[in-house]
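J.:
Residue numbers (the UniProt record's numbering): 1 to 131.
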């Protein structure tokens, strides 16, 4: 059981430990509220790495390490990056008299979605009775 004092070293060694034996590695997070202490432990039953801190400034780094380890621990590969949508350019003007579309509409036939305002429709407000 080794306490590591440097955060970058702990994060690097924790990821290396998980990469070496992903099926047997366990990761434990312990918060001790009475001492205001965060203890992180990762082990594969052969080596055990521990890190403890009182600082709340390391929470962002802790979240980043958790995210990196959880991505590795899930059972599926990363999804491929989504292709960027091509910018929509305005349609080229049609030649005069070459047919302006159905019903003589100009500018194409793109449907427009209309959303109802929230809070409209529904039931009326219930009136209070006499007491």
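A virtual CB, placed ideally from N, CA and C, is assigned to each residue, including glycine.
Keep in mind it's a predicted model, so treat the numbers as computed, not measured.
Please report how far the alpha carbon of residue 70 lies from the alpha carbon of residue 4, in whole angstroms.
T.: Whole-angstrom Cα-Cα distance: 21 Å.
J.: Within 10 angstroms of its Cβ, does residue 86 collect 16 or more other Cβ (buried), or is it exposed?
T.: Exposed: under 16 other Cβ atoms inside 10 Å.
J.: By Cβ distance below 7 Å, which residues in the same chain neighbour residue 67 in space, the five residues on each side in sequence not counted?
T.: Excluding sequence neighbours, residue 67 sits near nothing in its chain.
J.: Taking Cβ to Cβ, would you say residue 37 is nearer than 8 Å to residue 50?
T.: No, Cβ-Cβ distance for residue 37 and residue 50 is not below 8 Å.
J.: Excluding the five sequence neighbours on either side, which residues of its own chain have a C-beta within less than 6 Å of the C-beta of residue 28, listed in chain order?
T.: Counting only Cβ-Cβ distances below 6 Å, and skipping sequence neighbours, we find 41.
J.: To the nearest angstrom, report how far apart residue 62 and residue 88 are at their CA atoms.
T.: Roughly 41 Å separates the two Cα atoms.
J.: Does the Cβ of residue 25 have 16 or more other Cβ atoms within 10 Å, making it buried, or fewer, making it exposed?
T.: Classification of residue 25: buried, given that the 10 Å Cβ count is 16 or more.
J.: Within 10 Å of its beta-carbon, does residue 17 have 16 or more other beta-carbons around it, so buried, or fewer, so exposed?
T.: Residue 17 comes out buried.
J.: How far does the alpha helix (DSSP H) with residue 17 in it extend, from its first residue to its last?
T.: 7-20 is the span of the alpha helix (DSSP H), which, as asked, contains residue 17.
J.: In the DSSP output, what is residue 39 paired with across the bridge?
T.: In DSSP, residue 39 forms a bridge with 30, 52.
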